[in-house]
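Protein chains: 6
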Amino acid sequence: MEKLTHFDSRGQAIMVDVSEKQDTSRVAVATGYIYVNEAVYKAIEEGTAAKGDVLGVARIAGIMAAKKTSDVIPLCHPLPLAKCNIDFELLSEEKAVKAKATVKVTGKTGVEMEALHAVTVSLLTIYDMCKALDKRMEIRDVHLDSKSGGKSGDFVR
Amino acid sequence: MEKLTHFDSRGQAIMVDVSEKQDTSRVAVATGYIYVNEAVYKAIEEGTAAKGDVLGVARIAGIMAAKKTSDVIPLCHPLPLAKCNIDFELLSEEKAVKAKATVKVTGKTGVEMEALHAVTVSLLTIYDMCKALDKRMEIRDVHLDSKSGGKSGDFVR
Amino acid sequence: MEKLTHFDSRGQAIMVDVSEKQDTSRVAVATGYIYVNEAVYKAIEEGTAAKGDVLGVARIAGIMAAKKTSDVIPLCHPLPLAKCNIDFELLSEEKAVKAKATVKVTGKTGVEMEALHAVTVSLLTIYDMCKALDKRMEIRDVHLDSKSGGKSGDFVR
Amino acid sequence: MEKLTHFDSRGQAIMVDVSEKQDTSRVAVATGYIYVNEAVYKAIEEGTAAKGDVLGVARIAGIMAAKKTSDVIPLCHPLPLAKCNIDFELLSEEKAVKAKATVKVTGKTGVEMEALHAVTVSLLTIYDMCKALDKRMEIRDVHLDSKSGGKSGDFVR
Amino acid sequence: MEKLTHFDSRGQAIMVDVSEKQDTSRVAVATGYIYVNEAVYKAIEEGTAAKGDVLGVARIAGIMAAKKTSDVIPLCHPLPLAKCNIDFELLSEEKAVKAKATVKVTGKTGVEMEALHAVTVSLLTIYDMCKALDKRMEIRDVHLDSKSGGKSGDFVR
Amino acid sequence: MEKLTHFDSRGQAIMVDVSEKQDTSRVAVATGYIYVNEAVYKAIEEGTAAKGDVLGVARIAGIMAAKKTSDVIPLCHPLPLAKCNIDFELLSEEKAVKAKATVKVTGKTGVEMEALHAVTVSLLTIYDMCKALDKRMEIRDVHLDSKSGGKSGDFVR
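Those protein sequences? They're chains A, B, C, D, E and F, same order as listed.
To convert, note that position 84 of the first sequence is 84 in my numbering; the numbers rise steadily by one, no gaps.
To convert, note that position 44 of the second sequence is 1044 in my numbering; the numbers rise steadily by one, no gaps.
To convert, note that position 59 of the third sequence is 2059 in my numbering; the numbers rise steadily by one, no gaps.
To convert, note that position 13 of the fourth sequence is 3013 in my numbering; the numbers rise steadily by one, no gaps.
To convert, note that position 88 of the fifth sequence is 4088 in my numbering; the numbers rise steadily by one, no gaps.
To convert, note that position 10 of the sixth sequence is 5010 in my numbering; the numbers rise steadily by one, no gaps.
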């Protein structure tokens, strides 16, 4: 019978004991989208080429957020991240920006939450910078793409 | 011609000058969803009734995140929040949890980002606590529902 | 019938709405003690006079902690503190150090938690700096001494 | 002759050099109490059973505080915690709540401060959530119960 | 006879009481320089035009640092900043980058420290990003250019 | 041809992948100066001997800043510091204070930024505490003195 690992047998929240786990090399990749209106899409597209670089700011915000994940997610273990990068893709048909974060660590637990946190914060930063032009932007389909390393085995969505 | 307010005329990122704005009472409401599998849905539903209270932890994470928004979103102004609450709704048909954050402030700028940040962090916390049961959970349709107060007028989606 | 203000009618934790409250001048004073062994007591006493200034470090830690209170206490409102100071008293008979924190703000809610947090962190810092000499130190009798300002009236213990 | 390890030979505060120490598995357990009035005691007791879960919020606050210890205690080393849990016990005769924190790490230095910090922050959170009902609550007898791992040997109070 | 305001009459560090001060509009401007070698200078210059935008990252770091000043400088008051921007100037003769930060607030105390902190962190970020090319870079001549608002009067260097 | 390591081939900022690097023992030493007027110099000099200990506060600020470096410098890796100390020297002829920070870690990347950050924050803290006496203080000549450990070899300025 399956159960939630973040609670003990009495249903109390715990930071799971990972002290017996091995330090292994782990990678996680997460993706998400923000859907925007025409004006925002154009502003982002132009900014990338020249000035007003929305995605450059959003990338820095996402990388810094990856490092703060255990500060924000209550039961998440602190980890000395070894790598983080964030790629954006402009989807002209959907008028959307795709954000993909890749995080690596050598540690006792995985970095799924770090990758997901980096994605959501970079998308929220795009929202913040463009909200004067569009209040109806929407963040969609944030999910884990893949993870590798660790006892529970690799995962590809 | 519309433009991005978070850049100056040379395209350089700035924290916008709000010093001339009035201190007014402002409210923002944001919503988002996490779609989960059967096992997670049941675990959350039971936890709410008895023990293993996933949503109780996610609510605290979201409220604390609202207070940290300007720490995480680069060009967001720090604000002394006057209120924050987060409501969850279990959607049994879609196997999803809806999170709604309401944030209030008396200040020179609005709290849209605080409400959106609270929503995403509470959804990410649900993800973290349930990821042993489901790696395919997805965060969807995070958006601003409404805002009021401030010069730019009220907004209802 | 009395009730806990940090929960709504359904028992869900909330950051209480203070937006309708007045900005008034508020002060809170809190006290606590750490009981130590002979060796620690002497080290602290000498450090104050000459070098190895345990209380100087503990004072800075307490002041910085006052500023971080809303970051650490989940439902506590962020406040722009106007003053914080911490006084220590050496109690030679009891072999103890008394810490007293005074915090001031002009705001919509009181600073009791800031004063209590400053006291406990300054006592924990004394513990940290002296733990090589005594593992049995104990923090005792941390309480609010007084508060003034705000609608609920003044309090003196 | 004993001396304080957090100062160098000139009496200047330092973060002690632990680079030559071994990475060993270390555990620390700390305890503390908060004494409350009848109304608070009843509110906490009922909340645990049904809604208004004071101890659930306090537990999350304590776990998050454990992770922030080196941010708050000036000379404390940052450590990648491997586990943290907090147990509460209701003491009906004394009208008190006992908090016990257990922290684990694989590292070069111990986690006593993390356990003590988790205990005090969880007790302060109880104070914050119940202060509308009782301003005379008192935090008492916060101490280290035991530690193991590391060169200085095990300790049981 | 002049004295340091951050100590009380017994020489103990305090966060100065500003509760009696008026909320006025205050501005501070600070400047600093980083001197670099030929290779770094060229890399920064090219990055500004095309890709590898060192100054864009440094600007974000500086703005975020302005907001964190009271977290880092022990006796500095927390303030709800109303504006922050950072300008860079490339000095081709000296092979240096000049950073200038302008910070505004409506509050009870000035923002000199915020402007100085923003400048140093943006210069340190340039150092970090370019240190593979030059380990001899030097940060020089960080000072306050001007301040206005507040009882102590305006200052221009 | 040399290039900036903090950007990928498309010129996008990244947190460099250090996962393949060895955990080695690394040390970095950095230095900087603050030039002050006569009144400040005297106040610091007297404080060191007796009360109003400016340098004691600045030292704690610098050590705490070393631990926060990766929080502040966007692309800097988080590291579990093993040691940090800060030495001050009073230069009576120049009317200046020299700050020297030494930081150690066992990790996959160096601690230059931690040493430089500790130096600048301790100098800024001196500025903050003395700014009532002198608004023309200047921070000068902040640089790396030496580093050792790691693949790129040792460096002595």
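All residues carry an ideal CB built from backbone N, CA and C; glycine is no exception.
Only a predicted model underlies this, so the values are computations on that prediction, with no experimental measurement involved.
Please report the residue range of the beta strand (DSSP E) in which residue i lies.
| i | result |
| --- | --- |
| L3144/D | 3138–3148 |
| L5091/F | 5083–5091 |
| G3153/D | Here G3153/D belongs to no beta strand (DSSP E), and DSSP marks it neither H nor E. |
| K1182/B | Missing from the structure shown is residue 1182/B; chain B here goes from 1001 to 1157 and no further. |
Below 8 Å between beta carbons: does that hold for residue i and residue j?
| i | j | result |
| --- | --- | --- |
| D4087/E | K4067/E | no |
| V36/A | T125/A | no |
| M5113/F | I5073/F | yes |
| D4023/E | T4106/E | yes |
Taking just the CA atoms, how far does residue j sit from residue i?
| i | j | result |
| --- | --- | --- |
| R2026/C | V4040/E | 52 Å |
| M1001/B | A1028/B | In this prediction, M1001/B scores a pLDDT of 40, lower than 50, which makes its location untrustworthy; no coordinate-derived value is stated. |
| L2004/C | R3136/D | 15 Å |
| D2071/C | V2119/C | 16 Å |
| N2085/C | H4006/E | 10 Å |
| I3060/D | A13/A | 7 Å |
| G4011/E | E1045/B | 58 Å |
| D2128/C | Y127/A | 43 Å |
| G1047/B | D1053/B | 4 Å |
| V2121/C | L3116/D | 10 Å |
| K4131/E | Y5033/F | 21 Å |
| A3096/D | D3141/D | 12 Å |
| K4098/E | H4143/E | 12 Å |
| S3009/D | L1055/B | 52 Å |
| F2155/C | S5146/F | 57 Å |
| K3151/D | K3083/D | 21 Å |
| L5075/F | T5069/F | 10 Å |
| L5079/F | G4153/E | 43 Å |
Pick from the options: whose alpha carbon is nearest that of residue i?
| i | options | result |
| --- | --- | --- |
| V2111/C | L2133/C, S2122/C, H2077/C | H2077/C |
| A5030/F | I5063/F, D5134/F, P5080/F, E5020/F | I5063/F |
| E1093/B | V1121/B, E1038/B, K1021/B | E1038/B |
| K5108/F | K5042/F, S5148/F, L5055/F | S5148/F |
| V2103/C | A2065/C, E2089/C, K2095/C | A2065/C |
| E3020/D | K5042/F, S5009/F, L5081/F | L5081/F |
| K42/A | D134/A, S152/A, T69/A | D134/A |
| L4123/E | L4079/E, L4075/E, L4090/E, R4157/E | L4090/E |
| K5157/F | E4138/E, L4075/E, L4079/E | Before going further, note that residue 5157/F is Arg rather than Lys in the sequence given. Comparing Cα-Cα distances from R5157/F to each of E4138/E, L4075/E, L4079/E, the minimum goes to E4138/E. |
Determine the extent of the alpha helix (DSSP H) in which residue i is found, giving its start and end residues.
| i | result |
| --- | --- |
| V2119/C | 2112–2130 |
What are the start and end residues of each continuous alpha helix (DSSP H) run of 4 or more residues lying completely inside the region 4006–4072 of chain E, in chain order? Those alpha helix (DSSP H) runs which fall completely within the region 4006–4072 of chain E and span 4+ residues are 4038–4049, 4054–4067, 4069–4072.
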